[in-house]
Amino acid sequence: MSALDRALRYLGLASGGDGDRPAERLPRLPEARGGALLGARLSFRGEVSGEGDFHIAGRFEGDITVTGRVVVAEGAEVDANISGLAIVIGGTVRGNLSASTRVEILPTGVLTGSLKTGSFAAADGASVKGEVWVEPAAARAGAVDRKP
Numbered sequence: 000m001s002a003l004d005r006a007l008r009y010l011g012l013a014s015g016g017d018g019d020r021p022a023e024r025l026p027r028l029p030e031a032r033g034g035a036l037l038g039a040r041l042s043f044r045g046e047v048s049g050e051g052d053f054h055i056a057g058r059f060e061g062d063i064t065v066t067g068r069v070v071v072a073e074g075a076e077v078d079a080n081i082s083g084l085a086i087v088i089g090g091t092v093r094g095n096l097s098a099s100t101r102v103e104i105l106p107t108g109v110l111t112g113s114l115k116t117g118s119f120a121a122a123d124g125a126s127v128k129g130e131v132w133v134e135p136a137a138a139r140a141g142a143v144d145r146k147p
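Start counting the sequence shown at 0; every next residue gets the next number (numbering that gives the first Met the number 0).
What follows is the structure in structure tokens.
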């Protein structure tokens, strides 16, 4: 067996000779909600959209539109417009937010920009600089049904 074959087997990229495929041995990310994670040592510039949650621990610049929750971890930096079911901020966010259910700013969270949501909470120590629109889902539904 060549050194290359041994290295590939060690990394799990080649068959071990017993007929198993390497992809079956590699660890898989959890797909419970079909989400994604941007790690603390990663940065990304662009657009993220889709179904599921998006967790950011690193640096992100662009636009985010997901059907699930967006979580910005403590220490993360985000320059983006964000739209999702719910948004939790523990890091720094510069941009406009839209969450159909809730926006929550944790004690370490910093938001500079506007937000629209059905429910809003900012913990002691959180920083919010911008406009905040809170309209509970029941009020939004009732407003549509009312006639002048």
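Don't be surprised by glycine CBs; every beta carbon is placed ideally from N, CA and C. A quick note: this is a predicted structure, and the numbers were derived from the prediction, not measured.
Nearest-angstrom Cβ-Cβ length linking residue i and residue j, presumed shorter than 8 Å
i           : j           : result
residue 100 : residue 117 : 5 Å
residue 34  : residue 51  : 4 Å
residue 84  : residue 56  : With 8 Å as the limit, residue 84 and residue 56 do not qualify as a contact, their Cβ atoms being about 20 Å apart.
Distance CB(residue i)-CB(residue j) smaller than 9 Å
i           : j           : result
residue 103 : residue 81  : no
residue 122 : residue 105 : yes
residue 47  : residue 64  : yes
Euclidean distance between Cα positions of residue i and residue j
i           : j           : result
residue 73  : residue 108 : 7 Å
residue 31  : residue 132 : With a pLDDT of 43 at residue 31, under the threshold of 50, the predicted position of this residue should be treated as unreliable, and no value is reported.
residue 98  : residue 58  : 21 Å
residue 79  : residue 61  : 5 Å
residue 111 : residue 135 : 22 Å
residue 71  : residue 54  : 6 Å
residue 125 : residue 114 : 15 Å
residue 49  : residue 43  : 16 Å
residue 130 : residue 94  : 11 Å
With 16 other Cβ atoms within 10 Å as the buried cut-off, status of residue i
i          : result
residue 41 : exposed
residue 68 : buried
residue 75 : buried
residue 45 : exposed
Endpoints, the beta strand (DSSP E) within which residue i is located
i          : result
residue 46 : 42-49
residue 62 : 58-65
residue 73 : Segment: none, residue 73 is in no beta strand (DSSP E) and carries neither H nor E.
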